[in-house]
Amino acid sequence: MKRFLVRRAFTAVITLLAVTVLVFVLARMTGDPRVLLLGDQTQTSQEQWDAWGRDFGIDKPIAIQYVIYLGKLVRGDLGDSILQRRPVAELIWHRLPNSAQLAGVAFAFSIVIGIPLGIVAAVTRGSAWDYSSRSFAMFGHAAPSFWVGIVLIFVFAVGVNVNLGLFEFKTDWFPTSRKEAGLLSYVLPGLTLGWASAGGQLRLMRSSMLEVLDAEYIKLARAKGASRTTVILKHAVRNAFIAPLTYAGLTLAGLVTGTIVVETVFAWPGLGLLSIWAVNNSDYPILQGIILLVTFAFVLTAFITDVLYAFLDPRIRFT
Amino acid sequence: MRVPVFVRPRLLILFGCLAVFGLAIACGGGTKEVVREVPVDRIIEKQVVREVVKEVAVEKQVFIEVERPVVITQIIVATPTAVPAAAGPSGTLIVADADIAFPNLIPCKFAYDPQQQVHRWSVFDTAYYWGFDEPGISLIGLGKSWTYNPQQTVLTWKVRKGVAFDGGWGDVTAEDWDWSWNSQHCDGSLHSGIFISKSYTKETRVVDESTIEFHLTEPNLFYLYKFSGPGEGGSFTIFSKAKSDALGEQKADRNLTGGTGPFRFVKWSPGDEIVTEARPDHYRRVPEYGTVRIVEIPEAATQVAALMAKEVDIAEMPTIDAARVADSGINVIKLLGDGTSQIIMQGRFCFGPQGVLDDKGNPVPDRPAFDPSKPWVGSCDPDSQEWENARKVRNAVALAINRQAIVDNILGGFGFAGAKPGFMFKQAVDQYVPLAKAAGLDWESKYDSSAARALLSEAGWPNGFEVLMRVTTGDHPLAVEMAEAIAKDLAVIGVDVKIETLTYTGNRPAVVARENGDWWFQADSGGAPSAAFPNTETWAHRRNPEAAFNSGWELPEAVVLSKVMERCETQQCLDEGRVAMFDWWAEDQGYVSVVNSFGAMGVNPDKVGDWRQPLGIGIHPGNRFSLEYLQKPK
Chain D
-4 MKRFLVRRAF
6 TAVITLLAVT
16 VLVFVLARMT
26 GDPRVLLLGD
36 QTQTSQEQWD
46 AWGRDFGIDK
56 PIAIQYVIYL
66 GKLVRGDLGD
76 SILQRRPVAE
86 LIWHRLPNSA
96 QLAGVAFAFS
106 IVIGIPLGIV
116 AAVTRGSAWD
126 YSSRSFAMFG
136 HAAPSFWVGI
146 VLIFVFAVGV
156 NVNLGLFEFK
166 TDWFPTSRKE
176 AGLLSYVLPG
186 LTLGWASAGG
196 QLRLMRSSML
206 EVLDAEYIKL
216 ARAKGASRTT
226 VILKHAVRNA
236 FIAPLTYAGL
246 TLAGLVTGTI
256 VVETVFAWPG
266 LGLLSIWAVN
276 NSDYPILQGI
286 ILLVTFAFVL
296 TAFITDVLYA
306 FLDPRIRFT
Chain F
33 MRVPVFVRPR
43 LLILFGCLAV
53 FGLAIACGGG
63 TKEVVREVPV
73 DRIIEKQVVR
83 EVVKEVAVEK
93 QVFIEVERPV
103 VITQIIVATP
113 TAVPAAAGPS
123 GTLIVADADI
133 AFPNLIPCKF
143 AYDPQQQVHR
153 WSVFDTAYYW
163 GFDEPGISLI
173 GLGKSWTYNP
183 QQTVLTWKVR
193 KGVAFDGGWG
203 DVTAEDWDWS
213 WNSQHCDGSL
223 HSGIFISKSY
233 TKETRVVDES
243 TIEFHLTEPN
253 LFYLYKFSGP
263 GEGGSFTIFS
273 KAKSDALGEQ
283 KADRNLTGGT
293 GPFRFVKWSP
303 GDEIVTEARP
313 DHYRRVPEYG
323 TVRIVEIPEA
333 ATQVAALMAK
343 EVDIAEMPTI
353 DAARVADSGI
363 NVIKLLGDGT
373 SQIIMQGRFC
383 FGPQGVLDDK
393 GNPVPDRPAF
403 DPSKPWVGSC
413 DPDSQEWENA
423 RKVRNAVALA
433 INRQAIVDNI
443 LGGFGFAGAK
453 PGFMFKQAVD
463 QYVPLAKAAG
473 LDWESKYDSS
483 AARALLSEAG
493 WPNGFEVLMR
503 VTTGDHPLAV
513 EMAEAIAKDL
523 AVIGVDVKIE
533 TLTYTGNRPA
543 VVARENGDWW
553 FQADSGGAPS
563 AAFPNTETWA
573 HRRNPEAAFN
583 SGWELPEAVV
593 LSKVMERCET
603 QQCLDEGRVA
613 MFDWWAEDQG
623 YVSVVNSFGA
633 MGVNPDKVGD
643 WRQPLGIGIH
653 PGNRFSLEYL
663 QKPK
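Taken in sequence, the protein lines are chains D and F.
Heads up, the first sequence is in this note's numbering, so the first residue is -4 and it goes up one at a time.
Heads up, the second sequence is in this note's numbering, so the first residue is 33 and it goes up one at a time.
Structure follows, in structure tokens:
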């Protein structure tokens, strides 16, 4: 087990280092921030141009820049935003809770909806439940989240008038955007963000369950007279849980950091919106910081997931 | 149990990172740039056309024209009157904006975006405005009057007395003007569009507490524009020197006080919201609303939804949504800003034979993308057959575009077909350039595919040619649709247009470096109403190296013509220059104008009553919302 953990930790560190190189090089390929800030260089004296270069730390060879960057990174310094002139860590820290809250809602939605529906779909294979659940999953995967978000906004925030004869009402139950209306603000973006991963959970859970339900030990349990509930919950679900667990771990990281589209549609002041702003303004220190956070989140959750594998399936420890 | 391939952690990590990197590369980046300017030669006062779409033209356009001679040597004295709201400022107004930039509140770091924001939300006044409050008065800013010496080399400003900087930083003085001007025009200033004011200023001199002189290296007609508002990229913004001295540059930059406008900043959270509150003692205009929240909603469709749900009270919107929004009970204001769109045929970067020098007296070198083999480029020599053939090609392209169909089918009527020189406006030229009217200029960009094909054949391209057209997005929401319509029209005459879509900022570095020798379709959206000046010369004189860096063309003939106009001292000279420019441009098709589009703004009728939008000036006329003139519903 110890060797397993060390190996995984080593892989994680290498991955992070590789990502820092990639991020660093790619960020500098997007252009000299001085051009974007100052316009044509002919409007600027060489001295001033060089001074801005020193300010931005881009006056040195790229390898030296990387070493300096790495040194600061180790000390937790992600640098300063070019345009906002504030520490990137502060900006990210300011936005992270918003993204985390939204991701939490989306994650809860994906688990609460995806896992039970996946189990039900597998147990009732070929039934209307199964088809309905798979349709739900397929739609969640196929529909682009910006479209889902806009549709949800117009249906449940702007609202449509519903006339059922005896009574009529308007479906303007939620705010259109931003997070100012308390808990209600979380519903539409959470649903939009969580739908696709709920669909993924459902499909994975269903396929894993189907595989497990055909296993010999399930047949044996049934032959021994175990109740249906016991067979499903005690014997099948736990063994079918590996793949959805992997997916859930990675989904959670992705939800926290990969909410660009949903945050843009819902004007949600999180990391997604910040990264779009950084991209549009070539503020590469912010972009670097966010990408590193994304990577770190993925690597961390993958590491935790690996550990949980070993817990759920002891055979994995020795592979 | 075997883990499916697609959920293996390493693969997911790789895909995740690649997706993020891909997004970063695809989106490009950069700050938005200043594009246009207009001259100060006449003053027109105009009320905005307010149109409630669903009720079919409830109100009509009203013009109050004030005939004035060219004012460059005259003094205009204005006496602004603060108009207090009946019960004082109260209530909260919520405005949606696509991007809440970052605060920059010191001159040398005053980049374009924050400048737009500080003017847009009426927190900083400029030296003068195009006003409408009191008929006949145009000078209602921080300047009281201006005058030029007879040689037009010394501009003297009288500073308005008794105007206080917000936050207790004292009254605005000539010292503040001097310090702000020189800081804003320092080497490496982030302040965009400073090329004229920087290159033509010899020195500034404070005469007394309320008088300052600007000494020019030589007369320049456009110098005065730099003092005007609202919010033009080159507008001169006056900051408090006392604030910067007291707090130091760094702290002063973050400190939200120091404004001179009818509102003050209370909060500025980049990417989130700006909150302003009314200054109940403002010298120019006391707003009716006490608090304004400007909230960032990046997505246009969400802005529209928020407006329809009345969660926000004001939002600009894509014109295609106007009818739907009006049906939901929101008033829609048609913004008569001049959103132009044009095909810029890049590659005509050849200054040598014309002997054009830059402002340092050096010959302007040829650019990397200069390529005479391109059908629309031809040659550097205006007397050669290749040059003439290229001109025919450009005119053929202009003839082949069905502009009215684009206006009708894509813009939904929110616009009009671009004239031959797309940057000139017939109404304005007819009204203000008597010579032009007398000359009977031919404005119409005709649509005639057969004539276009014939011209192409004459030019030696009977089977047409292939061309890449980059379409920059981020301004007009229908730019791509317009470009596709253009491509279909041009296919009829054999010109095979391949479209590549990218952001304005993504495209800009290559434009600046003159690396693109293909076409660029650029479409601005219409903004708030702008002063309807014929701005021929200001477009044309955006030449390298000072300012043409983001325009995509370098046309030596236009530079020569605009240089002549810059030195004009009489109306006659200026008008002759304009007519000459018109003739040259219509003949040459320096770029091919497509359509001029209007903007649309939705307002919540429960919160917004009469709202007389003041004129914008020139570039980005929608920069200013002028919420101080907004009245609550009666």
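Glycine included, C-beta positions come from ideal geometry on N, C-alpha and C.
On a predicted model such as this, the values are computed, not experimentally measured, just so you know.
Beta-carbon separation (whole angstroms), residue i vs residue j, contact threshold 8 Å
{"i": "F:W201", "j": "F:G290", "result": "6 Å"}
{"i": "F:F448", "j": "F:V627", "result": "7 Å"}
{"i": "F:M633", "j": "F:I346", "result": "7 Å"}
{"i": "D:K174", "j": "D:W263", "result": "6 Å"}
{"i": "F:E241", "j": "F:V186", "result": "No, F:E241 and F:V186 are not in contact; Cβ-Cβ is about 19 Å, not under 8 Å."}
{"i": "F:V344", "j": "F:I126", "result": "5 Å"}
{"i": "F:N427", "j": "F:G492", "result": "Wrong, their Cβ atoms sit about 14 Å apart, outside the cutoff."}
{"i": "F:Y321", "j": "F:P121", "result": "6 Å"}
{"i": "F:A338", "j": "D:T15", "result": "Not really, about 39 Å apart at Cβ, beyond 8 Å."}
{"i": "F:K230", "j": "F:T249", "result": "About 11 Å; that fails the 8 Å criterion."}
{"i": "D:L186", "j": "D:L147", "result": "6 Å"}
Three-state secondary structure (DSSP) of residue i
{"i": "F:G631", "result": "strand"}
{"i": "F:D277", "result": "helix"}
{"i": "F:G609", "result": "helix"}
{"i": "F:R599", "result": "coil"}
{"i": "F:E320", "result": "coil"}
{"i": "F:V270", "result": "The question names Val, but residue 270 of chain F in the sequence shown is Ile. Coil at F:I270, not helix or strand."}
{"i": "D:D45", "result": "helix"}
{"i": "F:H247", "result": "strand"}
{"i": "D:S130", "result": "helix"}
{"i": "D:A176", "result": "coil"}
{"i": "D:G181", "result": "This sequence places Tyr at residue 181 of chain D; Gly is not what is there. Helix."}
{"i": "F:R502", "result": "strand"}
Straight-line Cα distance separating residue j from residue i
{"i": "F:P182", "j": "F:T602", "result": "12 Å"}
{"i": "F:A237", "j": "F:A159", "result": "The residue you asked about is not Ala; residue 237 of chain F is Arg in the sequence shown. Each residue's Cα considered, the two are about 17 Å apart."}
{"i": "D:L12", "j": "F:V524", "result": "55 Å"}
{"i": "F:R152", "j": "F:P135", "result": "13 Å"}
{"i": "F:V544", "j": "D:Q79", "result": "24 Å"}
{"i": "D:W190", "j": "F:Y536", "result": "33 Å"}
{"i": "F:R610", "j": "F:M597", "result": "8 Å"}
{"i": "D:I53", "j": "D:V69", "result": "19 Å"}
{"i": "F:A612", "j": "D:L17", "result": "55 Å"}
{"i": "D:R2", "j": "D:V289", "result": "22 Å"}
{"i": "F:F614", "j": "F:P302", "result": "43 Å"}
{"i": "D:A134", "j": "D:G194", "result": "Residue identity differs from the one stated: residue 134 of chain D is Phe in this sequence, not Ala. Their Cα atoms are separated by approximately 8 Å."}
{"i": "F:K273", "j": "F:F259", "result": "18 Å"}
{"i": "F:S411", "j": "F:F402", "result": "10 Å"}
{"i": "D:G267", "j": "D:P280", "result": "15 Å"}
{"i": "F:F446", "j": "F:N363", "result": "16 Å"}
{"i": "F:N595", "j": "F:I376", "result": "As written in the sequence, residue 595 of chain F is Lys, which differs from the Asn given in the question. Taking the straight line joining both Cα atoms gives about 22 Å."}
{"i": "D:G113", "j": "D:F(-1)", "result": "31 Å"}
{"i": "F:D480", "j": "F:L487", "result": "11 Å"}
{"i": "D:L199", "j": "D:S94", "result": "25 Å"}
{"i": "D:S140", "j": "D:F149", "result": "14 Å"}
{"i": "F:A196", "j": "F:G293", "result": "10 Å"}
{"i": "F:V527", "j": "F:V624", "result": "15 Å"}
{"i": "F:A278", "j": "F:T243", "result": "24 Å"}
{"i": "F:P566", "j": "F:V336", "result": "With a pLDDT of only 35 at F:P566, under 50, the local geometry of the prediction cannot be trusted, and no value is derived from it."}
**OP:** Pick out the complete alpha helix (DSSP H) segments inside the stretch 339 to 365 of chain F, 4 residues or longer, and give them in chain order.
**Re:** Correct list: 354 to 359.
Original post:
Between the stretch 262 to 276 of chain D and the stretch 231 to 240 of chain D, do three or more beta carbon pairs fall short of 8 Å?
Top reply: No, the stretch 262 to 276 of chain D is not in contact with the stretch 231 to 240 of chain D.
**OP:** Inspect the CB distances between the stretch 328 to 348 of chain F and the stretch 257 to 265 of chain D and report whether three or more fall short of 8 Å.
**Re:** Short answer: they touch.
Original post:
Below 8 Å, can you find three or more Cβ-Cβ pairs linking the stretch 113 to 122 of chain D to the stretch 308 to 321 of chain F?
Top reply: Contact between the stretch 113 to 122 of chain D and the stretch 308 to 321 of chain F is absent: fewer than 3 CB-CB pairs across the two stretches fall below 8 Å.
**OP:** Decide yes or no for the touch test of the stretch 150 to 162 of chain D against the stretch 103 to 114 of chain D: beta carbon pairs closer than 8 Å, at least 3 of them.
**Re:** Under the three-pair Cβ rule at 8 Å, the stretch 150 to 162 of chain D does not count as touching the stretch 103 to 114 of chain D.
**OP:** Kindly confirm or deny that the stretch 503 to 514 of chain F and the stretch 539 to 554 of chain F touch, where touching means at least three C-beta pairs closer than 8 Å.
**Re:** Three or more beta-carbon pairs drawn from the stretch 503 to 514 of chain F and the stretch 539 to 554 of chain F are found closer than 8 Å, and the two stretches are therefore classed as touching.
**OP:** Spell out a yes or no on whether the stretch 81 to 97 of chain D and the stretch 283 to 297 of chain D are touching, meaning 3 or more CB-CB pairs, one atom from each, closer than 8 Å.
**Re:** Touching, yes.
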